[in-house]
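Heads up, the thing below is written out as structure tokens.
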Amino acid sequence: MHFSWAGGIPFSRGRMGLAALFLAGVACSSHAQFGGGSGGGPRQRGGQGHTQAGAPASQRSQTAWEQLSGKLYDLRIQLMITREQGQAWEAFRASLLETATTGPSGQAMQDQPTAKDAFQQLLRDAQRRTAALTTLDTAAQALLAQLSPEQLQTADKALPALLAELGGNRPR
Numbered sequence: 004m005h006f007s008w009a010g011g012i013p014f015s016r017g018r019m020g021l022a023a024l025f026l027a028g029v030a031c032s033s034h035a036q037f038g039g040g041s042g043g044g045p046r047q048r049g050g051q052g053h054t055q056a057g058a059p060a061s062q063r064s065q066t067a068w069e070q071l072s073g074k075l076y077d078l079r080i081q082l083m084i085t086r087e088q089g090q091a092w093e094a095f096r097a098s099l100l101e102t103a104t105t106g107p108s109g110q111a112m113q114d115q116p117t118a119k120d121a122f123q124q125l126l127r128d129a130q131r132r133t134a135a136l137t138t139l140d141t142a143a144q145a146l147l148a149q150l151s152p153e154q155l156q157t158a159d160k161a162l163p164a165l166l167a168e169l170g171g172n173r174p175r
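The number in our numbering is simply the position in the sequence shown, starting from 1, with 3 added.
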């Protein structure tokens, strides 16, 4: 059996099935891309989305990592990162998230640490953070070198505030 399109072009049953599968795939892809599915409503700025239970997302406390990750997602969209810039962006993003979570080591001190032990722990924490910041700087320089002049203008407006926030969001 053959079906024909409005223009009289005949389609076999196999082609119609493939077309239906393609359209279903596109519909599912766009549904997931724009926030559909079991993850809740669409992602909105400022935590104004809703959770599955219908409560505002702002009632659910987000970790600093989740907040920063969301801001980086928004920045990627603002910058219109191209496929060619994707690898540099991902290196920058990963490094920034790592730096944001590089705080005190969490290693338990002895019950009665000596002054020397306390200073050594402080030094190790500072050295770990310095290494993370050095890696972030390298990734940022590589990304900035790939941005267009328009993208650099957008980055110049958005990144300083984001980086200043990073300095104040260190876990304590």
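Even glycine gets a Cβ: it sits at the ideal position worked out from N, Cα and C.
**Prompt:** Is the stretch 71-78 touching the stretch 113-130 in the sense that three or more CB pairs, one from each, lie closer than 8 Å?
**Reply:** By the Cβ test, the stretch 113-130 is not in contact with the stretch 71-78, since fewer than three Cβ pairs between them sit closer than 8 Å.
**Asked** In three-state terms, what does DSSP make of glutamate 69?
**Response** In the sequence shown, the residue the question calls residue 69 occupies position 66. Shown here, glutamate 69 sits in a helix according to DSSP, grouped into three states.
**Prompt:** How big is the Cα-Cα spacing for lysine 119 and aspartate 128?
**Reply:** In the sequence shown, residue 119 corresponds to position 116, counting from 1. In the sequence shown, residue 128 corresponds to position 125, counting from 1. Roughly 14 Å separates the two Cα atoms.
**Request:** Over the uninterrupted alpha helix (DSSP H) stretch that includes threonine 102, give me the two end residues.
**Result:** Along the sequence shown, one-based indexing puts residue 102 at 99. Taken as a continuous stretch (DSSP letters only), the alpha helix (DSSP H) holding threonine 102 covers 89-103.
**Prompt:** How many angstroms separate the CA atom of alanine 167 from the CA atom of aspartate 140?
**Reply:** The residue given as residue 167 occupies position 164 in the sequence shown. The residue given as residue 140 occupies position 137 in the sequence shown. Rounded to whole angstroms, the gap between the alpha carbons of alanine 167 and aspartate 140 is 14 Å.
**Prompt:** From alanine 67 to threonine 104, what distance separates their C-alpha atoms?
**Reply:** Counting from 1 along the sequence shown, the entry for residue 67 is found at position 64. Counting from 1 along the sequence shown, the entry for residue 104 is found at position 101. Here the alpha carbons of threonine 104 and alanine 67 stand approximately 9 Å from one another.
**Asked** Looking at the unbroken alpha helix (DSSP H) that takes in leucine 125, where does it start and where does it end?
**Response** Residue 125 sits at position 122 when you count from the first residue of the sequence shown. Taken as a continuous stretch (DSSP letters only), the alpha helix (DSSP H) holding leucine 125 covers 118-149.
**Asked** Tell me which same chain residues have a C-beta within less than 6 Å of the C-beta of leucine 82, skipping the five on either side of it?
**Response** To locate residue 82, count along the sequence shown from 1; it is residue 79. Correct list, in chain order: Gln154 and Thr157.
**Request:** Check whether the Cβ of proline 163 lies closer than 9 Å to any Cβ atom in chain D.
**Result:** Within the model displayed, chain D is absent; a lone protein chain is all it includes.
**Asked** Taking C-alpha atoms, which residue in Arg131, Pro163 and Ala145 lies nearest to threonine 102?
**Response** Within the sequence shown, residue 102 is the residue found at index 99, counting from 1. Of the listed residues, the one whose Cα sits closest to threonine 102 is Arg131.
**Whether tryptophan 92 touches leucine 146 by CB criterion (9 Å)** = By 1-based counting over the sequence shown, the position of residue 92 is 89. By 1-based counting over the sequence shown, the position of residue 146 is 143. The beta carbons of tryptophan 92 and leucine 146 sit closer together than 9 Å.
**Asked** So what's aspartate 114 in DSSP terms, helix, strand or just coil?
**Response** Locating residue 114 in the sequence shown gives position 111, counting from the first residue. Aspartate 114: coil per DSSP, three-state reduction.
**Asked** Are the beta-carbon atoms of glutamine 149 and glutamine 88 separated by less than 9 Å?
**Response** Within the sequence shown, the letter at position 146 stands for residue 149. Within the sequence shown, the letter at position 85 stands for residue 88. Cβ atoms of glutamine 149 and glutamine 88: closer than 9 Å.
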